[in-house]
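Residue numbers (the UniProt record's numbering): 1 to 32. Cβ atoms here follow ideal geometry from the backbone N, Cα and C, with glycine treated the same way. For reference, the structure discussed in these notes is given below.
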Amino acid sequence: MKQTIEGFIYLIIVCLLFMAYLYPIVTSVFGL
Numbered sequence: 001m002k003q004t005i006e007g008f009i010y011l012i013i014v015c016l017l018f019m020a021y022l023y024p025i026v027t028s029v030f031g032l
């Protein structure tokens, strides 16, 4: 169970980093 929670937290961190990386690109493309 602990390993599943750690994997879930890791997945959230990766998603946040991915979104933070893509956000300027998306805003520059769509002009938001």
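Indicate the three-state DSSP secondary structure (helix, strand or coil) for residue i in the structure shown.
i    : result
Gly7 : helix
Grab me the residues of residue i's own chain with a C-beta within less than 6 angstroms of its C-beta, minus the 5 sequence neighbours each way, in chain order.
i     : result
Leu11 : none
Tyr23 : none
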